[in-house]
Amino acid sequence: MTDQTQNLGRSLLETDARTRKRNAAEARFKAFGVAAIAVALLALVVLLTSVVYNGASAFKQTYFELDIELPEAKLDKSGTRDLEVMKKVTTIGYAPILTAALEAAIEKAGIETTLDKKAIGGLISKEAAATVRNAVLANPEIVGTTQSFSILAEGRIDGYFKGRVTLESAALDSNTSPEALMLAQALADAGYADTKFNWAFLTAPDASDQRPEAAGLGVAILGSAYMMIVVLVLALPIGVAASVYLEEFAPKNRWTDLIEVNISNLAAVPSIVFGILGLAIFINFAQLNQSSPLVGGLVLTLMTLPTIIISTRAALKAVPPSIRDAALGVGASKMQSVFHHVLPLAAPGILTGTIIGLAQALGETAPLLLIGMVAFVRDYPAAYTPEAGLFGEASTALPVQVFNWTQRADPGFVERASGAIITLLVFLLIMNAIAIYLRRRFERRW
Amino acid sequence: MNDMRLMERAVDMNETKIAAKGVQVYYGATHAIKDVSIDVPARTVTAFIGPSGCGKSTFLRCLNRMNDTIDICRVEGDIRLDGEDIYDKRVDPVQLRAKVGMVFQKPNPFPKSIYDNVAYGPRIHGLAKSKADLDEIVERALRRGAIWDEVKDRLHAPGTGLSGGQQQRLCIARAVATEPEVLLMDEPCSALDPIATAQVEELIDELRAQYSVVIVTHSMQQAARVSQKTAFFHLGHLVEFGETGQIFTNPRDPRTESYISGRIG
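For the protein sequence lines, the chains are P and W, in the order given. The working numbering applies: residue 1 is where the first sequence begins, and numbers increase by one. The working numbering applies: residue 1 is where the second sequence begins, and numbers increase by one.
Here's what the structure looks like:
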């Protein structure tokens with residue numbers, strides 16, 4: 001009785017010690033939460049800034065705009081325009097022609113330079129000779145005429161226009177010199193050199209260690225796309241079928257429990273283990289081509305399956321049992337109730353899980369290293385060839401290309417690797433956007 | 001309905017639709033229904049009453065084998081629909097459920113249009129030969145569900161957008177669309193307000209003309225209002241089964257009397 005009167009006597013306007021303590025704890029917890037989010041955001045900003053800062057320049061590239069004379073005496077001695085004969089002239093034969101064209105441009109612009117012929121030729125990328133040679137072989141009629149070409153500048157010169165290389169750093173670099181940079185600047189002022197958007201970065205294949213300026217992601221993007229097709233076509237139906245069976249049809253006994261535990265464990269298995277499995281089964285046992293998107297896709301399918309199964313089962317579990325009852329109550333069979341009612345309702349969750357699984361697979365590197373996708377590939381893989389079958393030709397993948405480029409010595413590859421990371425992130429963003437769009441769309445069906 | 005059918009009805013007024021004998025139900029180790037025997041008459045509303053957990057819903061779900069979907073549930077004894085053992089190995093529960101429709105406690109329309117909700121049953125059982133046929137079946141079912149006038153202008157609006165009472169009547173319409181012979185209702189009004197309840201009760205009374213209705217209810221007033229026969233369940237036993245009037249005015253068992261006068265439950 002006395003306690004009660006004391007309680008009644010307390011004013012609501014003053015907080016007691018207990019309440020104060022409780023409120024303080026809540027305020028502390030909120031502060032921790034805000035701090036955690038702030039740290040995460042900061043880390044994200046730092047990561048994105050550094051990647052964009054290093055990589056944005058990969059999307060621009062310096063080219064020389066030159067009128068190149070294609071002398072018949074050097075390129076087609078026979079004068080017959082016979083491709084077999086013309087192919088005997090290698091890129092080494094083309095290099096002097098490019099140097100001569102650059103020298104002509106220097107003279108025309110009235111630029112004074114102390115550089116010798118070899119150093120002037122060094123301004124041009126080693127890839128450029130191949131570009132011109134391919135153009136000539138594709139169209140032999142242009143031999144003997146003068147054509148204007150956009151040819152790649154050497155990596156250091158390109159770096160100078162992007163601010164990566166300076167006159168001071170060039171003085172310490174045995175591959176270039178301050179004079180070369182000044183010459184390039186003068187050429188640019190005269191309109192012979194130009195930095196423009198680098199489509200080749202997205203379409204060209206990889207290039208060797210010495211020519212970062214020519215390296216592109218074309219093969220890697222195609223290889224990743226092929227692998228995603230394989231993963232989607234295999235993992236989605238298998239994963240959904242497995243989860244529908246386990247969730248709706250399978251008896252709940254020790255065996256299904258065991259399978260369930262194992263699926264959860266598989267989701268936590270390090271991805272490189274899947275790579276070893278793929279190497280043993282698909283390449284050594286099944287004799288599929290190594291480095292091929294088919295094998296890569298199969299390995300990533302194995303890796304993605306647990307993710308898809310777990311999210312699909314969660315989506316199926318979230319469908320209210322009353323819907324199943326309703327369907328069974330009007331005389332639908334188990335399968336009809338699942339396929340007509342439960343699965344459509346679970347579709348948004350299944351799609352989200354699948355796309356998250358795909359995004360994970362797209363960014364996976366380790367298992368692909370083991371099945372040989374780390375190889376240097378200069379040729380586009382075909383989707384189908386009679387010899388290699390479906391997706392059987394050697395290819396690389398986006399994350400492996402990043403891994404590859406970060407290992408190379410030439411500083412030009414730092415920019416390329418960061419550019420590749422940006423490309424990969426853009427692909428992931430697109431996939432997540434699709435996931436969100438699909439989920440919204442399907443959920444809007446009431 | 002032609003007159004001949006009506007004549008037949010009048011003749012077999014007291015025929016037994018469902019005969020259950022010595023039914024035992026186990027959930028794992030729990031003995032949920034203990035030796036229940038009951039004869040559900042045709043074209044009558046039979047109410048199951050009793051306190052929560054007494055097994056009346058469990059027993060109801062035995063009548064169309066909905067308990068089959070629960071792994072740990074085991075049913076023993078003999079339940080016959082028109083003299084045929086529904087737990088016979090040759091009986092496909094899907095066919096049985098087309099004959100014995102069910103309406104659930106919570107209105108559970110499919111997240112589809114009103115039309116598709118009702119048309120689903122006839123579609124999967126192949127009752128309609130053409131689109132016009134199906135339209136007719138849907139209209140008839142919705143009329144029998146006493147909801148036609150409210151939804152006829154928006155048949156393609158989502159069924160989940162209706163009010164609770166309308167949803168429940170839609171579910172009843174869905175259940176009658178497959179032309180069942182028995183309609184099981186598991187507390188069909190427990191999620192509804194008094195006005196919707198009154199509408200559903202009125203509907204149940206109309207349905208009696210064509211179906212055998214078995215209704216589980218917590219409300220004794222409801223049982224008294226809508227049913228002709230009442231069964232009182234307690235702790236898994238069928239305590240008393242008889243005419244509704246007799247159960248409520250002159251119960252034979254003291255437990256029934258205690259329950260209806262509010263002393264146990």
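All residues carry an ideal CB built from backbone N, CA and C; glycine is no exception.
Within-7 Å CB hit, residue i to chain P
{"i": "K89 of chain W", "result": "no"}
{"i": "G276 of chain W", "result": "With chain W represented from 1 up to 265, any question about residue 276 of chain W goes unanswered, as that position is not in the structure."}
{"i": "M102 of chain W", "result": "yes"}
{"i": "R98 of chain W", "result": "The sequence given here places Ala at residue 98 of chain W; Arg does not occur at that position. Closer than 7 Å to some Cβ of chain P, the Cβ of A98 of chain W qualifies, so yes."}
{"i": "I18 of chain W", "result": "no"}
{"i": "N250 of chain W", "result": "no"}
{"i": "F59 of chain W", "result": "no"}
{"i": "N108 of chain W", "result": "yes"}
{"i": "V267 of chain W", "result": "Absent from the model: residue 267 of chain W. The displayed extent of chain W is 1 to 265, so no value can be given."}
{"i": "T30 of chain W", "result": "no"}
{"i": "T178 of chain W", "result": "yes"}
{"i": "D71 of chain W", "result": "yes"}
Cβ-heavy atom distance, residue i to the ligand ADP, below 6 Å
{"i": "A27 of chain P", "result": "The ligand ADP is not part of the structure shown, which contains no ligands of any sort."}
Cβ of residue i within 7 Å of any chain W Cβ
{"i": "D325 of chain P", "result": "yes"}
{"i": "K252 of chain P", "result": "yes"}
{"i": "W446 of chain P", "result": "In this prediction, W446 of chain P has a pLDDT of 47, which is less than 50 and means its spatial position is unreliable; nothing more can be read from the coordinates."}
{"i": "V330 of chain P", "result": "yes"}
{"i": "G363 of chain P", "result": "no"}
{"i": "S337 of chain P", "result": "no"}
{"i": "D322 of chain P", "result": "Correcting the residue type first, residue 322 of chain P is Ser in the shown sequence and not Asp. Chain W, which has a Cβ nearer than 7 Å to the Cβ of S322 of chain P, makes this yes."}
{"i": "S150 of chain P", "result": "no"}
{"i": "S11 of chain P", "result": "no"}
{"i": "V426 of chain P", "result": "no"}
{"i": "S333 of chain P", "result": "yes"}
Bounding residues of the beta strand (DSSP E) (the contiguous stretch that carries residue i)
{"i": "G101 of chain W", "result": "V100 to V103"}
{"i": "V40 of chain W", "result": "T30 to P41"}
{"i": "Q210 of chain W", "result": "Note, Q210 of chain W: premise wrong, no beta strand (DSSP E); not H, not E."}
{"i": "K229 of chain W", "result": "K229 to H234"}
{"i": "N63 of chain P", "result": "Looking at the sequence shown, residue 63 of chain P is not Asn but Tyr. K60 to E69 is the span of the beta strand (DSSP E), which, as asked, contains Y63 of chain P."}
{"i": "A40 of chain P", "result": "Per DSSP, A40 of chain P belongs to no beta strand (DSSP E); it is in the alpha helix (DSSP H), A17 to G55."}
Reduced DSSP secondary structure (H/G/I, E/B, other) of residue i
{"i": "Q407 of chain P", "result": "coil"}
{"i": "Y160 of chain P", "result": "helix"}
{"i": "Q166 of chain W", "result": "helix"}
{"i": "C73 of chain W", "result": "strand"}
{"i": "G55 of chain W", "result": "coil"}
{"i": "A19 of chain W", "result": "strand"}
{"i": "A153 of chain P", "result": "strand"}
{"i": "S169 of chain P", "result": "helix"}
{"i": "I147 of chain W", "result": "coil"}
{"i": "S258 of chain W", "result": "helix"}
{"i": "F110 of chain W", "result": "coil"}
{"i": "D186 of chain W", "result": "strand"}
{"i": "H237 of chain W", "result": "strand"}
{"i": "T304 of chain P", "result": "helix"}
{"i": "T178 of chain W", "result": "coil"}
{"i": "G242 of chain W", "result": "strand"}
{"i": "L447 of chain P", "result": "Absent from the model: residue 447 of chain P. The displayed extent of chain P is 1 to 446, so no value can be given."}
{"i": "F376 of chain P", "result": "coil"}
Neighbour-count burial assignment, residue i, 16 or more Cβ in a 10 Å radius
{"i": "M4 of chain W", "result": "For M4 of chain W, the predicted structure reports a pLDDT of 43, less than 50, and the residue's modelled location is therefore unreliable. The matter cannot be settled from this model."}
{"i": "Y53 of chain P", "result": "exposed"}
{"i": "Q494 of chain P", "result": "Coverage of chain P is limited to positions 1 through 446, which leaves residue 494 of chain P absent and any answer about it impossible."}
{"i": "A138 of chain P", "result": "exposed"}
{"i": "E14 of chain P", "result": "exposed"}
{"i": "V384 of chain P", "result": "The residue asked about is misnamed: residue 384 of chain P is Tyr in this sequence, not Val. It is exposed - the Cβ of Y384 of chain P has fewer than 16 other Cβ atoms within 10 Å."}
{"i": "D193 of chain W", "result": "exposed"}
Residue span of the alpha helix (DSSP H) that contains residue i, given as start and end
{"i": "G110 of chain P", "result": "Taken as a continuous stretch (DSSP letters only), G110 of chain P belongs to no alpha helix (DSSP H), as it is neither H nor E."}
{"i": "T352 of chain P", "result": "L343 to L362"}
{"i": "M86 of chain P", "result": "L83 to M86"}
{"i": "G275 of chain P", "result": "S271 to G278"}
{"i": "I434 of chain P", "result": "G412 to E443"}
{"i": "V231 of chain P", "result": "G218 to V244"}
(request) Please determine if the stretch 136 to 143 of chain W and the stretch 114 to 122 of chain W are in contact, where contact requires at least 3 C-beta pairs separated by less than 8 Å. (result) yes
(message) Assess contact between the stretch 237 to 251 of chain P and the stretch 424 to 440 of chain P, defined as three or more Cβ pairs (one per stretch) separated by less than 8 Å. Is contact present?
(response) no
(message) Does the stretch 27 to 47 of chain W come into contact with the stretch 210 to 219 of chain W, if we say contact requires no fewer than three beta-carbon pairs (one atom in each stretch) closer than 8 Å?
(response) yes
(request) Indicate whether the contact test is met: 3 or more Cβ pairs, each with one atom in the stretch 52 to 68 of chain P and one in the stretch 148 to 165 of chain P, closer than 8 Å. (result) yes
(message) Within 8 Å, do at least three Cβ pairs link the stretch 331 to 343 of chain P to the stretch 363 to 377 of chain P?
(response) no
(request) Count the C-beta pairs between the stretch 41 to 49 of chain P and the stretch 394 to 412 of chain P that are closer than 8 Å, then say yes if the count reaches three, no if not. (result) no
(request) Indicate whether the contact test is met: 3 or more Cβ pairs, each with one atom in the stretch 253 to 260 of chain P and one in the stretch 415 to 425 of chain P, closer than 8 Å. (result) no
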